[in-house]
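Participant:
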Amino acid sequence: LTGPIHLAVDLGASSGRVIAAGITNGKLQLAEIWRFENKPVRVHEDLFWNHLGLWQEITYGLRLAANQAASLPDVKIASVGVDTWGVDFGMLDENDQLIGPVRCYRDPRNQGMMAEAVSKLSRDEIFAETGLQFMEINTLYQLIAGRQANDVSLQHAKTFLMMADLFHWMLSGAKTIEATNASTTQMLSPETGQWSAKLLSTFDIPAELFPDPTPAGTPIGVVHPTVAEITGLHEVPVITPATHDTASAVLSVPAIDFAPAKPDWCYISSGTWSLMGVELPKPKVTPLCSELNFTNEGGVHRSTRLLKNIGGLWIFQQIRASLQRKGSAPSWSEMVDAAKAAAPFELLINPDDPALLAPTDMIEELHALSQRTGQAAPTDNGVLFRAALEGLALRYRATLESLERLTDSSIRTIHIVGGGSQNQLLCQMTADACNRTVVAGPVEATAIGNVVMQMIGSGRLESISEARKLIRDSFPTTTYQPQNTQIWDEPAARFSQL
Ligand code: LFR
């Protein structure tokens, strides 16, 4: 790397990284500086994030980056920005002290809160105000759970910050909420981009807690002197990227057009979750969208990410975690090989089955699921690995159909970005099940989206189009053509009955 370098702190639900990026000879280049694990922490029934541990890892990674930059003659760190998953948040009291630990969206205390909410304001009204899909993990339901539990943090809160904003505050002292991540709360109006006063007052959530949303690409401050002391990043600007990891990932889709009214491509941001959708110029808050439970999340430059959350590689990851606990841990490639070797469609799993959101043991849960749905018990782990991937491909097929209905368009290409784009078996299954061309890559989609937005914010890149061209020129993709499409018809019909 040479010249000005932008640092992306990219936190996912299972790992985090600090990545340095620069442009050399017209290509965007990335260097992974530091990678660390992230796991929810369980205390009795409650599930938290170890946000102080994450902060320690982040500052350590930034220190490494500063040291490396100092040892290279032509390198200067130009900015830093953080992205994380959506919906989770932390709060500060009147003295700007962090109140309590940060909860994880899989926390069981959110169960039943959606029903609680719609008993006060109808589903239609909540949807009309927010345009968001109904998921128990949404911030709105987490806050209602907090109110019901008489959570002291809510009683003392003066500032509400989403997870990435919390780290931006720790980095710089600036209290901002970036707009794309704010849009995952189900408390923001997609039309105005502002907090919904009606929703907040209905659920007794004080509006004063919420800073006005800040657009991605805004410089929000510089690294705080106390943080510069430990990281070496003196006076380095903090530029907010699209802090919602999915918004950053969508930004890095190597498409030619930006937010077309009639899209002929869709994306799957593939990781712990699979987020499948299209990028549109305007939200689609329609009855059909509500019926199909799609979401209108905010994208960069006020675009809309019309998408659906799909249970993702979480199931695959959790099968492995369950095997690890029992003392045998196959590698990812061993798991994929075993899935390849297994017979197709032995077990159909809907990745969005609520029982799979946070089971104590995924393998036991899948055995229970086979019984509950009247399917044969899985004979070995290969069947489970395969079922986890086939379930995703089948869900993508149904989601694609809905997307075409919703947008009244024909989608020809599916872009798969993120870690899951490396899983060749899943990419081919997707092409086959959906009967569409799949273009896979880039893998580091979120970090790439993060840094290009910082480059736009610092004036180094002019537009989204220029950023996407840079991404297309810099990262190779792999194309999968549909092959065995008919064999998916019968399982797809069975799947829809699950
Ligand atoms: C993906 C993601 C999804 C969001 C889920 C929970 O990492 O951000 O977009 O719905 O995590 O926050």
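Residue numbers (the UniProt record's numbering): 18 to 515.
Heads up, the beta-carbon is just placed ideally off N, CA and C, and yes, glycines get one too.
Roughly how many angstroms separate the alpha carbons of residue 87 and residue 250, rounded to a whole number?
Facilitator: Cα to Cα, residue 87 sits roughly 10 Å from residue 250.
Participant: So the candidates are 474, 465, 51; which of them puts its Cα closest to the Cα of residue 264?
Facilitator: Residue 465 is the option with its Cα nearest to residue 264.
Participant: Going by CA-CA distance only, name the one from 63, 439, 74 that's closest to residue 50.
Facilitator: Nearest option by C-alpha distance: 74.
Participant: Compare the C-alpha of residue 322 against each of 231, 460, 296 and name the closest.
Facilitator: For residue 322, the nearest C-alpha among the options comes from 296.
Participant: Comparing alpha-carbon positions, which option in 425, 477, 384, 389 lies nearest residue 405?
Facilitator: Comparing Cα positions, the closest option is 384.
Participant: Relative to the ligand FAD, is the shortest distance from any of its heavy atoms to the C-beta of residue 102 smaller than 8 Å?
Facilitator: This structure simply doesn't include the ligand FAD; it includes the ligand LFR instead.
Participant: Mapping the DSSP letters down to three states, classify residue 484 as helix, strand or coil.
Facilitator: If DSSP states are grouped into helix, strand and coil, residue 484 belongs with the helices.
Participant: Quick one: what's got a C-beta closer than 8 Å to residue 247's C-beta in the same chain, skipping five residues either side?
Facilitator: Excluding sequence neighbours, residue 247 sits near 76, 80.
Participant: Starting from residue 468, trace the alpha helix (DSSP H) both ways and give me its first and last residue.
Facilitator: Residues 462–474.
Participant: Starting from the C-beta of residue 467, find all residues in its chain whose C-beta is less than 7 Å away, skip the five residues before and the five after it, and write them out in chain order.
Facilitator: Cβ within range, chain order: 25, 27, 98, 100, 258, 265.
Participant: Rounded to whole angstroms, how far is the Cβ of residue 231 from the Cβ of residue 194, which I believe are closer than 8 Å?
Facilitator: Yes, they are in contact, since the Cβ atoms of residue 231 and residue 194 sit about 7 Å apart, within 8 Å.
Participant: With a threshold of 8 Å, establish whether the CB of residue 261 neighbours any heavy atom of the ligand LFR.
Facilitator: It does: the Cβ of residue 261 is within 8 Å (strictly closer) of some heavy atom of the ligand LFR.
Participant: With residue 412 and residue 428 assumed to form a contact (beta carbons below 8 Å), what rounded beta-carbon distance in angstroms separates them?
Facilitator: That pair is no contact at about 16 Å.
Participant: In angstroms, rounded to a whole number, what distance separates the CA positions of residue 204 and residue 420?
Facilitator: About 24 Å.
Participant: On a CA-only basis, which of 422, 181, 268 is nearest residue 237? Give me that one, please.
Facilitator: Of the candidates 422, 181, 268, the one whose C-alpha sits nearest the C-alpha of residue 237 is 181.
Participant: In its own chain, which residues sit with a C-beta less than 8 Å from the C-beta of residue 302, not counting the 5 before and 5 after it?
Facilitator: So the qualifying residues of the chain are 144, 145, 148, 207, 208, 313.
Participant: Span of the beta strand (DSSP E) holding residue 498?
Facilitator: No beta strand (DSSP E) contains residue 498, which DSSP labels as neither H nor E.
Participant: Would you decide whether residue 485 is buried or exposed? Buried here means 16 or more other CB atoms lie within 10 Å of its CB.
Facilitator: By the neighbour-count rule (16 or more Cβ atoms within 10 Å), residue 485 is buried.
Participant: Runs of 4 residues minimum, wholly inside the stretch 245–324: which ones carry the alpha helix (DSSP H) assignment?
Facilitator: For the stretch 245–324, whole alpha helix (DSSP H) runs of length 4 or above, ordered along the chain, are 262–268, 304–308.
Participant: Could you work out which residue in 495, 393, 426, 422 is closest to residue 445 when comparing CA atoms only?
Facilitator: Looking at the Cα atoms, 495 is the closest of the given residues.
Participant: Please determine, among 227, 167, 269, the residue with the shortest C-alpha to C-alpha distance to residue 471.
Facilitator: Nearest of 227, 167, 269 to residue 471, Cα basis: 269.
Participant: By DSSP, does residue 208 sit in helix, in strand, or in coil?
Facilitator: Looking at residue 208 - three-state DSSP - the assignment turns out to be coil, as it is neither helix nor strand.
Participant: Quick check on the DSSP output: the alpha helix (DSSP H) that includes residue 218 runs from which residue to which?
Facilitator: Its alpha helix (DSSP H) spans residues 214–219.
Participant: For residue 74, which of helix, strand or coil comes out of DSSP?
Facilitator: Note: residue 74 maps to helix in three-state DSSP.
Participant: Relative to the ligand LFR, is the shortest distance from any of its heavy atoms to the C-beta of residue 505 smaller than 8 Å?
Facilitator: Flag unset: Cβ of residue 505 not near the ligand LFR.
Participant: Is residue 105 near the ligand LFR - that is, is its Cβ less than 8 Å away from at least one heavy atom of it?
Facilitator: Indeed, a heavy atom of the ligand LFR lies less than 8 Å from the Cβ.
Participant: Can you name, in chain order, every residue of its own chain whose Cβ lies under 7 Å from the Cβ of residue 115, other than the five neighbours on each side?
Facilitator: The answer, listed in chain order, is 107, 109.
Participant: Leaving aside the five residues before and after residue 342 along the sequence, list all residues of the same chain whose C-beta is less than 8 Å from its C-beta, in chain order.
Facilitator: Excluding residues within five positions, the ones whose Cβ falls inside 8 Å are 378.
Participant: Work out the CA separation of residue 284 and residue 440 for me, nearest whole Å.
Facilitator: Near 16 Å, if we compare the C-alpha coordinates of residue 284 and residue 440.
Participant: Out of 387, 212, 220, point me to the one whose CA is closest to residue 138's CA.
Facilitator: Selected option, being the one with the closest Cα: 220.
Participant: Tell me the rounded alpha-carbon separation between residue 37 and residue 47.
Facilitator: Answer to the nearest angstrom: the Cα atoms are 6 Å apart.
Participant: Taking 8 Å as the line, does the beta carbon of residue 290 fall inside it for any heavy atom of the ligand LFR?
Facilitator: Correct: residue 290 has its Cβ closer than 8 Å to the ligand LFR.
Participant: Closest to residue 132 by C-alpha separation, out of 44, 152, 271, would be which residue?
Facilitator: The candidate whose alpha carbon is nearest that of residue 132 is 152.
Participant: By DSSP's criteria, residue 46 is part of a beta bridge. Which residues make up the other side?
Facilitator: For residue 46, which the question treats as bridged, DSSP gives the partners 39.
Participant: Give me the Cα-Cα distance between residue 213 and residue 316, rounded to the nearest whole angstrom.
Facilitator: Approximately 18 Å between the Cα atoms of the pair.
Participant: Check this for me: beta carbons of residue 366 and residue 373, under 9 Å apart or not?
Facilitator: Yes, these two residues count as a Cβ contact at 9 Å.
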